[in-house]
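Colleague: Could you have a look at this structure, given as structure tokens, before my questions?
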Amino acid sequence: MAGLREVQGANKCRVRAYRNAARSIDNLGRSVAEMAERGEDLSAIPGIGKELARKAVEISATGSLADLTRLRRQVPRAVTELMDLPGLGPNKARQLHEALGVATRSELAEAAQAGRIRRVPGFGPKTEERILAELAARRSDKGSNRSRFRHADVEQVVEGLLAHVRRDRGVVRAEAAGSFRRGKETVGDIDMVAACRPGYSVIDHFVSFGGISRVVSKGPTRATVVMRSGLQVDLRSVDKDSWGAALHYFTGSRAHTLKIRLMAQRAGLKVNEYGVYDGDRKIAGETEEDVNAALGLPYIEPELREDRGEVEAGLDGRLPELVTEGDIRGNLHTHTVATDGRMTLRQVADGAMARGYEYIAVTDHTQSLRITNGQDPARVLAQFAEIDRLNDELEGRLRVLKSAEVDILLDGSLDLPDGVLREMDVVVCSVHSHFKLPRKHQTERIIRAISKPCPIILGHGTGRKINVREPYDVDIEAVIDAAARLGRVLEVNGQPERLDINDVYAKMAKEAGVKLSVSTDAHRLSEFDFMRHGVMQARRGWLEARDVINTLPLEEMLASFG
DNA sequence: GCCGTTTTCGGCCCGACTGTTTTCAGTCG
0 MAGLREVQGA NKCRVRAYRN AARSIDNLGR SVAEMAERGE DLSAIPGIGK ELARKAVEIS
60 ATGSLADLTR LRRQVPRAVT ELMDLPGLGP NKARQLHEAL GVATRSELAE AAQAGRIRRV
120 PGFGPKTEER ILAELAARRS DKGSNRSRFR HADVEQVVEG LLAHVRRDRG VVRAEAAGSF
180 RRGKETVGDI DMVAACRPGY SVIDHFVSFG GISRVVSKGP TRATVVMRSG LQVDLRSVDK
240 DSWGAALHYF TGSRAHTLKI RLMAQRAGLK VNEYGVYDGD RKIAGETEED VNAALGLPYI
300 EPELREDRGE VEAGLDGRLP ELVTEGDIRG NLHTHTVATD GRMTLRQVAD GAMARGYEYI
360 AVTDHTQSLR ITNGQDPARV LAQFAEIDRL NDELEGRLRV LKSAEVDILL DGSLDLPDGV
420 LREMDVVVCS VHSHFKLPRK HQTERIIRAI SKPCPIILGH GTGRKINVRE PYDVDIEAVI
480 DAAARLGRVL EVNGQPERLD INDVYAKMAK EAGVKLSVST DAHRLSEFDF MRHGVMQARR
540 GWLEARDVIN TLPLEEMLAS FG
């Protein structure tokens, strides 16, 4: 709607309202269709008012939008296709369409090859070349949906880039900002900020980095490059007395920044990436704490900056004290060589002790999950005997907990007999099959499973794998309600491709009074490091140490089930 | 079309870079 209205020359603020609303819904982490179905008031979503709430309900109910259909008839398809090309916005797309009469992308390509674009007023040879290059790239790129990158997959690149930037002697500090710094599970690009000695710019040094395949734009204070992997990286270089303001601005999220700027504006102040200004006088900018303080706000952790209530909480002094990796006393989801893990029991224990944990749960798969060599009751009990011997050897330095990742069967029963379940300290139970069940059935199945009177942790509650597999169709909010009622625990799984349940559901669970565990689902020793990713997701879900059972000493942890 | 610590009207973040122009519009983040 925004694009089409823009082409038609609609009021810019109205266009922006659509964009803001779309972004807000994108960042919501919940299904608006579901909310509509539950009869929730959609205008409670930031950026959604009465009219857009009505439109959202219409889309949810009918699968289409009458206004959109009408607009599409009014605006030639070619114009919107042209707008998808980087560098072409609504105005240029419209000009091209009107001047050359091109109706499709291939006609545009023909026009470009014939040199007709450069003769359109306002266009030139460079624009023509760029259009050709972009069209060619689209053709060769076909089928590869340019998905976002998983956070863990770009960490090394970010470290390399930062090390390169910091090597420049004019650089005082440099950090990644953007969604990477906010700990989002995926990132679309990498934003970085460098603080330099006064008057110095690191941009030339930055673009000399080895892994760069293309410099998209480059000025004295910022550059955009594309790495060979296709990852785009933006660097912003500022004087060190603007470090805080620049880091704040480029960390975003855009919705968070926008909210703060509007707030400042109402207070008669101006915020930009150089600082906070009272008229011409700069009143803050060197640190993020200064910037926020100038606006009457405490420091807000990057993971919270999504305009999900953190600004209001900051104003009211209600910001959560987020859980840290240092708070974690144990890991409640690991696998050994008994099933599909690569660690022996002893190695699991050693890994846990190396990380200073007080306890660790061994949660191998159960019999129904054949592909992992899942354990039948006899093997489970044999493993428990082995755990008893190991605990004796460890003499209290670590407690290895008896557990399993018990399969939730099709009907919601658990994959081990009650007698075996009773031997366990905690029971992780998870869905590994029948992903395609109808929503109602899937939801009832999971709720039945966690209703079993055991100390149950629901493992990876939605089954999604980022960029690989969609979540199964489950009413996770109903599961959260059930967990709250039953005193069951939901897991935040730290596997970088799972991170399941996600930040939004974790926050929802917390607000419903549900406790969570943050665990690694480690199959090998190095995967103990996944705790970092799990904690990051938990922090994005506003979780504090007291919300996470594995920050508790052993006995208290065991007592935290309903 | 949204929104409110100047609240139901009258505003709407702010700056960098590019390509084209010869002082700036368009695009992007």
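Numbering (numbering that gives the first Met the number 0), first residue to last: 0 to 561. Cβ atoms here follow ideal geometry from the backbone N, Cα and C, with glycine treated the same way. Please read all numbers here as calculations on a predicted model, not as lab measurements.
Taking the continuous alpha helix (DSSP H) assigned at Q366, which residues delimit it?
Modeller: As a first step, residue 366 must be located in the first sequence, where it is residue number 367. Looking at the DSSP string, Q366 is not in any alpha helix (DSSP H), and its letter there is neither H nor E.
Colleague: Should H255 and R317 be called a contact, given that it needs their Cβ atoms to be closer than 7 Å?
Modeller: The residue labelled residue 255 in the question sits at position 256 within the first sequence. The residue labelled residue 317 in the question sits at position 318 within the first sequence. Not a contact, by the Cβ cut-off of 7 Å.
Colleague: CA-CA distance, G583 and P416?
Modeller: Lying outside 0 to 561, the shown extent of the chain, residue 583 is not represented and no answer is given.
Colleague: Are the CB atoms of E490 and I456 within a distance shorter than 7 Å?
Modeller: Residue 456 sits at position 457 when you count from the first residue of the first sequence. Residue 490 sits at position 491 when you count from the first residue of the first sequence. Yes; because the gap between Cβ atoms is below 7 Å, this pair is in contact.
Colleague: Secondary structure at A254, three-state DSSP: helix, strand or coil?
Modeller: Position 255 of the first sequence holds residue 254. A254 falls in the helix class under three-state DSSP.
Colleague: Out of K269, T61, L107 and G308, which has the shortest C-alpha to C-alpha gap to R280?
Modeller: Reading the first sequence from its first residue, position 281 is the one you call residue 280. When only C-alpha atoms are compared, the closest one is K269.
Colleague: Tell me which same chain residues have a C-beta within less than 7 Å of the C-beta of A151, skipping the five on either side of it?
Modeller: Within the first sequence, numbered from 1, the residue matching residue 151 stands at position 152. Only P495 and H532 meet the Cβ criterion.
Colleague: Let me confirm a value: K435 is counted as buried when at least 16 other C-beta atoms fall within 10 Å, else exposed. Which label applies?
Modeller: Mapped onto the first sequence, residue 435 falls at position 436. Classification for K435: exposed.
Colleague: What are the start and end residues of each continuous alpha helix (DSSP H) run of 4 or more residues lying completely inside the segment 28-89, in chain order?
Modeller: Listed in chain order, the complete alpha helix (DSSP H) runs (minimum 4 residues) inside the segment 28-89 are 31-36, 49-61, 65-73 and 76-82.
Colleague: Can you tell me whether R497 is buried or exposed, with buried defined as 16 or more other CB within 10 angstroms of its CB?
Modeller: Within the first sequence, residue 497 is the residue found at index 498, counting from 1. The residue is buried, with at least 16 neighbouring Cβ atoms inside 10 Å.
Colleague: Specify the secondary structure class of M556 as computed by DSSP and reduced to three states.
Modeller: Residue mapping note: residue 556 aligns to position 557 of the first sequence, counting from 1. Three-state DSSP puts M556 in a helix.
Colleague: Apart from the five residues just before and just after S402, which ones in its own chain have a Cβ nearer than 7 Å to its Cβ?
Modeller: Residue 402 sits at position 403 when you count from the first residue of the first sequence. Closer than 7 Å at the Cβ level, and outside the excluded window around S402, lie A360, V361, T362, M423, D424, V425, V426 and V427.
Colleague: Exposed or buried, what is D315 when buried is set at 16 or more other beta-carbons lying within 10 Å of its beta-carbon?
Modeller: Position 316 of the first sequence, counted from the first residue, corresponds to residue 315. By the 10 Å Cβ count, D315 comes out exposed.
Colleague: Following the continuous alpha helix (DSSP H) through C12, name the residue where it begins and the one where it ends.
Modeller: Numbered from 1 along the first sequence, position 13 holds the residue referred to as residue 12. Run containing C12: K11 to D25, per the alpha helix (DSSP H) assignment.
Colleague: How is K281 classed by DSSP in three states: helix, strand or coil?
Modeller: Here residue 281 is taken as the residue at index 282 of the first sequence, counted from 1. Correct three-state label for K281: strand.
Colleague: For a test of the three-state rule: what should DSSP assign to K141, helix, strand or coil?
Modeller: Residue numbering aside, residue 141 sits at position 142 when the first sequence is read from its first letter. Because the pLDDT of K141 is 49, which lies under 50, any placement of that residue in the model is unreliable, and the number read from its coordinates should be weighed accordingly. Coil, per DSSP.
Colleague: Closest to L400 by C-alpha separation, out of N26, M556 and D240, would be which residue?
Modeller: Locating residue 400 in the first sequence gives position 401, counting from the first residue. Looking at the Cα atoms, M556 is the closest of the given residues.
Colleague: Tell me which residue opens and which closes the beta strand (DSSP E) that V405 is part of.
Modeller: Within the first sequence, numbered from 1, the residue matching residue 405 stands at position 406. E404 to D406 is the span of the beta strand (DSSP E), which, as asked, contains V405.
Colleague: To the nearest angstrom, how far is the alpha carbon of V101 from that of A132?
Modeller: On the first sequence, position 102 is the one that residue 101 refers to. On the first sequence, position 133 is the one that residue 132 refers to. Approximately 18 Å, taken between the alpha carbons.
Colleague: Near R93, which residues of its chain fall below 7 Å by C-beta distance, leaving aside the five closest residues on each side in sequence?
Modeller: In the first sequence, residue 93 corresponds to position 94, counting from 1. Excluding positions up to five away in sequence, the list reads V6 and V78.
Colleague: Classify A293 as helix, strand or coil using the three-state DSSP reduction.
Modeller: As a working note, residue 293 is residue 294 in the first sequence. It is helical.
Colleague: For a test of the three-state rule: what should DSSP assign to K239, helix, strand or coil?
Modeller: If you number the first sequence from 1, residue 239 lands on position 240. Three-state result, K239: helix.
Colleague: When you compare only the Cα positions, how much space is there between P376 and M535?
Modeller: For the purposes of this step, residue 376 is taken as the residue at position 377 of the first sequence. For the purposes of this step, residue 535 is taken as the residue at position 536 of the first sequence. Their backbone Cα atoms lie some 36 Å apart in a straight line.
Colleague: Note down, one range per segment and in chain order, each beta strand (DSSP E) of at least 3 residues found wholly within the segment 407-443.
Modeller: Entirely contained in the segment 407-443, the beta strand (DSSP E) runs reaching 3 residues are, in chain order, 426-429.
Colleague: Is I475 near A448, with beta carbons less than 7 Å apart?
Modeller: Taking the first sequence and counting its residues from 1, the one referred to as residue 475 is at position 476. Taking the first sequence and counting its residues from 1, the one referred to as residue 448 is at position 449. Their beta carbons are not under 7 Å apart, which means I475 does not touch A448 by this criterion.
Colleague: Is there contact between the segment 13-24 and the segment 38-48, where contact requires at least three CB pairs shorter than 8 Å?
Modeller: As far as the Cβ criterion goes, the segment 13-24 touches the segment 38-48, which means the pair count is three or higher.
Colleague: Note the first and the last residue of the continuous alpha helix (DSSP H) segment covering A567.
Modeller: No statement about residue 567 is possible, as the shown extent of the chain runs from 0 to 561 and does not include it.
Colleague: Take I211 as the anchor and find which of V171, V232, D167 and L331 has the nearest alpha-carbon.
Modeller: Here residue 211 refers to the residue found at position 212 when the first sequence is read from its first residue. When only C-alpha atoms are compared, the closest one is V232.
Colleague: Out of S207, P219 and V215, point me to the one whose CA is closest to Y199's CA.
Modeller: One-based indexing of the first sequence puts residue 199 at position 200. Selected option, being the one with the closest Cα: P219.
Colleague: CB R104 to CB E127, shorter than 7 Å?
Modeller: As a working mapping, residue 104 is identified with position 105 in the first sequence. As a working mapping, residue 127 is identified with position 128 in the first sequence. Their beta carbons are not under 7 Å apart, which means R104 does not touch E127 by this criterion.
Colleague: Going by the C-beta, is G284 closer than 6 Å to any heavy atom of the ligand GTP?
Modeller: This structure lacks the ligand GTP; in fact it carries no ligand of any kind.
Colleague: Would you list the one or two residues that DSSP bridges to T185?
Modeller: Residue mapping note: residue 185 aligns to position 186 of the first sequence, counting from 1. Answer is R149.
Colleague: Would you mind working out which of L234, P552 and T250 sits nearest G329, comparing C-alpha positions?
Modeller: Here residue 329 corresponds to residue number 330 of the first sequence, with the count starting at 1. It is P552.
Colleague: Taking Cβ to Cβ, would you say A540 is nearer than 7 Å to G486?
Modeller: Taking the first residue of the first sequence as 1, we reach residue 540 at position 541. Taking the first residue of the first sequence as 1, we reach residue 486 at position 487. Reading off the sequence, residue 540 comes out as Gly, not Ala. Against a cut-off of 7 Å, the Cβ pair of G486 and G540 comes out as no contact.
Colleague: Just tell me which of A348, Y471 and R463 has its CA closest to the CA of L524.
Modeller: Stepping through the first sequence from its first residue, residue 524 is reached at position 525. Among A348, Y471 and R463, the Cα nearest to that of L524 is on A348.
Colleague: Pick from R138, V164 and R37: whose alpha carbon is nearest that of V56?
Modeller: Residue 56 sits at position 57 when you count from the first residue of the first sequence. The option with the nearest alpha carbon to V56 is R37.
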